[in-house]
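To keep things clear, I will list the structure first and then write my remarks on it.
Residue numbers (my numbering): 5 to 398.
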């Protein structure tokens, strides 16, 4: 049984790597040290299980092995939804670097089981750093091939076209351009290894910084019009010749428009704030932000929430409910939920409502509700499904 919020050392080996058990055990520090960890070979599981735990396709090439070393001796946080891991992860980072130096590792990572985002990334090429950071783009069913978010899911042909464009996108920026995008993180070279981390001076890890790191490396704003075409170079503007009289300072540019979509609604259940999402405002990125209690990524100015309500949410948190379009968006027993599985496992409650506890990617356990005449919903308020049903049935 794998414990969520355990520290994971993730190793993806080079395609031609020859790895035997003795070499691996020595790299882990010997037999006794290896016994203190759980070693998970994702290829021995159903591929859909890896997609739920920590997807690596299409980053991994055919024949590349993967090993996840899980330290479940203690959870990283008292509250898994707290974005700040206060433990000192610097020793774990050095242990990862030692493994990547000794073994034929293509990519090494440190992250928390069940959470999105990496505390440390180690690779031998900047291209691989960008490739792993583009996974959230390529796997998101609402983001198109150009990196633009849609209000609805992509069609099957559009999603397949995006998968096919993944390798081409990696040719658009060279190593220098990829590394030049890094700001506010720690970057160093250890021999042939490129090391990036978002650890604080005391070794703590703020997962919100991981999301920023992923965005910098993915560089969706640098996508070429034609996938695979070299992105235009960012050239510094030449200095202007001196003028006899200083020109007036230009006006500040207007703020960028907020994303399209209706505002959020709020309600209250059992003394707690509940955020009610319209379909256009709920996606995997929002689910990840909810899991990290990163309310600034969830609530925007156009939602017109009173300052006291915003303060309350920042202080006490909030539950949430959102519509669900496809059953396969949630998981049960490590597999995308199907209609037969829902019919077999769901429990009928008042008013013909059917409920089933499921796993929502990037967030965790939620309750799935099928409300007659209203549709399907997922909610974090698993203990208050009756009140949630009344809320969505209004």
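We put the beta carbon where it would ideally sit given N, CA and C, even for glycine.
Here residue 6 is exposed: its Cβ has fewer than 16 other Cβ atoms, across all protein chains shown, within 10 Å. Within the stretch 118-195, the beta strand (DSSP E) runs of at least 3 residues that lie entirely inside it are, in chain order, 124-127, 190-194. The beta carbon of residue 286 lies closer than 8 Å to those of 326, 327 in the same chain, with the five residues before and after it left out.
Taking 8 Å as the cut-off, the Cβ atoms of residue 63 and residue 169 do not count as close. Judged by DSSP secondary structure, residue 29 falls within the alpha helix (DSSP H) whose first and last residues are 25-31.
Among the bridge pairs identified by DSSP, residue 363 is matched with 335, 369. Around the beta-carbon of residue 295, 16 or more other beta-carbon atoms lie within 10 Å, marking it buried. Between the alpha carbons of residue 22 and residue 43 lies a gap of roughly 18 Å. Residue 35 counts as exposed, since fewer than 16 other beta carbons sit within 10 angstroms of its beta carbon. For residue 114, no alpha helix (DSSP H) encloses it; the enclosing beta strand (DSSP E) starts and ends at 109-116. Residue 392 sits away from residue 322, with the two beta carbons spaced by 8 Å or more. The beta carbons of residue 74 and residue 41 sit closer together than 8 Å. Only residues of its own chain outside the window of five on either side were considered, and among them 306, 307, 308 have a CB closer than 7 Å to the CB of residue 267, listed in chain order. Distances from the alpha-carbon of residue 13 to those of 271, 225, 27, 71 put 71 closest. Rounded to the nearest angstrom, the Cβ distance from residue 366 to residue 288 is 5 Å, consistent with a contact under 8 Å. A direct Cα-to-Cα measurement between residue 193 and residue 179 gives close to 13 Å.
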